[in-house]
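Engineer: Heads up: the sequence shown begins at 1 in this note's numbering, then just goes up one per residue.
No residue lacks a Cβ here, since even glycine has one placed at the ideal position from N, Cα and C.
Please read through the structure below; I'll follow up with questions.
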Amino acid sequence: MEKIILFIKTYKNDFIVFKKLLASILKHNKDNLPLVVSVNDEDFDFFDKEFKERNFQLIKDSKIDTSTIENKWVYQQIIKSQVHTLDICENYVCIDSDSYFIKDFYFYDFMYSDEIPYTVIHEQKELFGWSSNNIEKIGYNPKNEFLNDRRYIMDKLERKGKIYDFGPSPVIWSTKVWKSFEENYLKKNNLTFTSCFEESPSEFTWYGEWLLKNAIIPIYPAEPLFKVFHYEKQYNDFLKQKFTLESLEENYFGIVLQSNWNKNKEKKHFRFFR
């Protein structure tokens, strides 16, 4: 069993950005961490044909879960949170397709020790600092939504204290935590991953709050691994300030251009100044 793998859940509609992510992994994965890619069952033949020769393991989603839920966002969370059912790794870096690496990465960038992974945990102050000055432009205050979602799960798990964010993607997850969550929360409350995430669709928060409550593994905090651009204006503001790619490389392993605004995947390029 692997100590840690890279895991991507994707589908045909994200094929273009997935190829960019895959190319960045092949370039920067200096310790050759195993890569597993899970795709919708109906898309498997397409991916299999496109990658006749590949340096990763391609599997169908049904190997992980057979859920037929129509909500694509929740469906992806269901798949991503159950890698433990494959019994192939102890930990995994879960990466979304709308991201890519910008510098080399190694085993110990994700693992505190040979046995214990880092945990992404922070208070999301950078995003909220920017969004508080741009509420009129983006149409709402994301901090309110964030606090409501997190408090709901905190109340469910009876935790008080600071409100944390345990994302965004990529995140580093221990299969021990997800197994414990399934056995000691879901099953004891007659829930499944599907019903739980339909109730509150934030797999990052369920994982992190369960870990804080039960301390299944020691927590060694890590800030977000990638620089995430949640909004197009946020992205454009960075360009106007002429941030350099080198400045991002000092603090981040990659970049996320969230697909909810980055629709034109073929033409959108990250235009930081060198």
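With distance defined between alpha-carbon atoms, name the residue in L86, D87, S67, I88 nearest to I78.
Structural biologist: Mapped onto the sequence shown, residue 78 falls at position 78. Among L86, D87, S67, I88, the Cα nearest to that of I78 belongs to S67.
Engineer: Can you tell me which of the three DSSP states Y207 falls into?
Structural biologist: Mapped onto the sequence shown, residue 207 falls at position 207. If DSSP states are grouped into helix, strand and coil, Y207 belongs with the helices.
Engineer: Count the other CB atoms, across all protein chains shown, that sit within 10 Å of the CB of K267; report buried if there are 16 or more and exposed otherwise.
Structural biologist: Within the sequence shown, residue 267 is the residue found at index 267, counting from 1. Low per-residue confidence applies at K267: pLDDT is 40, beneath 50, and the placement is therefore not dependable enough to give any value.
Engineer: Determine the direct distance from the alpha carbon of T205 to that of R275, and round the result to whole angstroms.
Structural biologist: Nothing in the structure corresponds to residue 275, since the chain is present only between 1 and 274.
Engineer: Give the straight-line distance between the Cα atoms of V39 and T10, rounded to the nearest whole angstrom.
Structural biologist: Residue 39 sits at position 39 when you count from the first residue of the sequence shown. Residue 10 sits at position 10 when you count from the first residue of the sequence shown. Their Cα atoms are separated by approximately 5 Å.
Engineer: Is I102 buried or exposed, if buried means 16 or more other CB atoms sit within 10 Å of its CB?
Structural biologist: Taking the sequence shown and counting its residues from 1, one reaches residue 102 at position 102. Looking at its Cβ environment, which holds 16 or more other Cβ atoms inside 10 Å, I102 is buried.
Engineer: Give the single residue among D98, Y75, D65 whose Cα lies nearest to the Cα of V83.
Structural biologist: In the sequence shown, residue 83 corresponds to position 83, counting from 1. Selected option, being the one with the closest Cα: D65.
Engineer: Of all the options D41, I219, I25, P34, which has the alpha carbon lying nearest to the alpha carbon of F253?
Structural biologist: By one-based count along the sequence shown, residue 253 stands at place 253. The residue from D41, I219, I25, P34 with its alpha-carbon nearest to that of F253 is I25.
Engineer: Does DSSP put N251 in a helix, a strand or coil?
Structural biologist: The count along the sequence shown starts at 1 and reaches residue 251 at position 251. Correct three-state label for N251: coil.
Engineer: Leaving aside the five residues before and after K265 along the sequence, list all residues of the same chain whose C-beta is less than 7 Å from its C-beta, in chain order.
Structural biologist: As a first step, residue 265 is located in the sequence shown; it is residue number 265 there, counting from the start. With a pLDDT of 40 at K265, under the threshold of 50, the modelled position of that residue is not reliable, and the figure given next carries that caveat. So the qualifying residues of the chain are I16, V17.
Engineer: Are there 16 or more other CB atoms within 10 angstroms of the CB of E42, so buried, or fewer, so exposed?
Structural biologist: Translated into the one-based positions of the sequence shown, residue 42 becomes position 42. Result: exposed.
Engineer: Report all residues from its chain with a CB closer than 8 Å to the CB of K162; omit the five preceding and five following residues, and keep chain order.
Structural biologist: Taking the first residue of the sequence shown as position 1, residue 162 is located at position 162. Excluding positions up to five away in sequence, the list reads E123.
Engineer: Keeping to the same chain, check which residues put their C-beta closer than 8 Å to that of I153; ignore five residues upstream and five downstream.
Structural biologist: Start at 1 with the first residue of the sequence shown, and residue 153 comes out as number 153. Only S200, S202, T205, W206, E209 meet the Cβ criterion.
Engineer: Do C94 and E2 have their C-beta atoms within less than 7 Å of each other?
Structural biologist: As a first step, residue 94 must be located in the sequence shown, where it is residue number 94. As a first step, residue 2 must be located in the sequence shown, where it is residue number 2. Not a contact, by the Cβ cut-off of 7 Å.
Engineer: Quick one: using the 10 Å Cβ neighbour count with 16 as the cut-off for buried, is F107 buried or exposed?
Structural biologist: Here residue 107 refers to the residue found at position 107 when the sequence shown is read from its first residue. Exposed: under 16 other Cβ atoms inside 10 Å.
Engineer: Give a yes or no on whether the C-beta atoms belonging to S81 and F193 are separated by under 7 Å.
Structural biologist: Residue numbering aside, residue 81 sits at position 81 when the sequence shown is read from its first letter. Residue numbering aside, residue 193 sits at position 193 when the sequence shown is read from its first letter. Between S81 and F193, the gap from beta carbon to beta carbon is short of 7 Å.
Engineer: If the criterion is Cβ atoms closer than 7 Å, does the pair V171 and V228 meet it?
Structural biologist: Your numbering for residue 171 matches position 171 in the sequence shown. Your numbering for residue 228 matches position 228 in the sequence shown. No, the pair does not count as a contact, with Cβ atoms beyond the cut-off.
Engineer: With distances taken between CB atoms, is the gap from Y118 to Y231 smaller than 7 Å?
Structural biologist: Within the sequence shown, residue 118 is the residue found at index 118, counting from 1. Within the sequence shown, residue 231 is the residue found at index 231, counting from 1. Against a cut-off of 7 Å, the Cβ pair of Y231 and Y118 comes out as no contact.
Engineer: Please give the ranges of any alpha helix (DSSP H) in the region 41-79, keeping only runs that are unbroken, at least 4 residues long and fully inside the region.
Structural biologist: Taken in chain order, the whole alpha helix (DSSP H) runs of length 4 or more contained in the region 41-79 are 44-50.
Engineer: Is it buried or exposed for L239, if we count other Cβ within 10 angstroms and need 16 for buried?
Structural biologist: Position 239 of the sequence shown holds residue 239. L239 comes out exposed.
Engineer: Kindly indicate the opening and closing residues of the alpha helix (DSSP H) around L21.
Structural biologist: Taking the first residue of the sequence shown as position 1, residue 21 is located at position 21. Per DSSP, L21 belongs to the alpha helix (DSSP H) from 15-28.
Engineer: Assuming V256 contacts D45 under a Cβ cut-off of 8 Å, what Cβ separation, rounded to an integer in Å, is found between them?
Structural biologist: Counting from one through the sequence shown, the residue named residue 256 turns up at place 256. Counting from one through the sequence shown, the residue named residue 45 turns up at place 45. The C-beta distance from V256 to D45 rounds to 28 Å, too long to meet the 8 Å contact threshold.
Engineer: Should T244 go down as buried or exposed, given a rule of 16 or more other Cβ atoms within 10 Å for buried?
Structural biologist: Along the sequence shown, one-based indexing puts residue 244 at 244. Counting Cβ neighbours within 10 Å, T244 comes out exposed, since fewer than 16 surround it.
Engineer: With DSSP as the reference, label E158 as helix, strand or coil.
Structural biologist: Stepping through the sequence shown from its first residue, residue 158 is reached at position 158. Note: E158 maps to coil in three-state DSSP.
Engineer: So what does DSSP say about N190, is it helix, strand or coil?
Structural biologist: Start at 1 with the first residue of the sequence shown, and residue 190 comes out as number 190. If DSSP states are grouped into helix, strand and coil, N190 belongs with coil.
Engineer: Measuring CA to CA, which of T175, V37, V177, F226 is closest to Q76?
Structural biologist: Residue 76 sits at position 76 when you count from the first residue of the sequence shown. It is V37.
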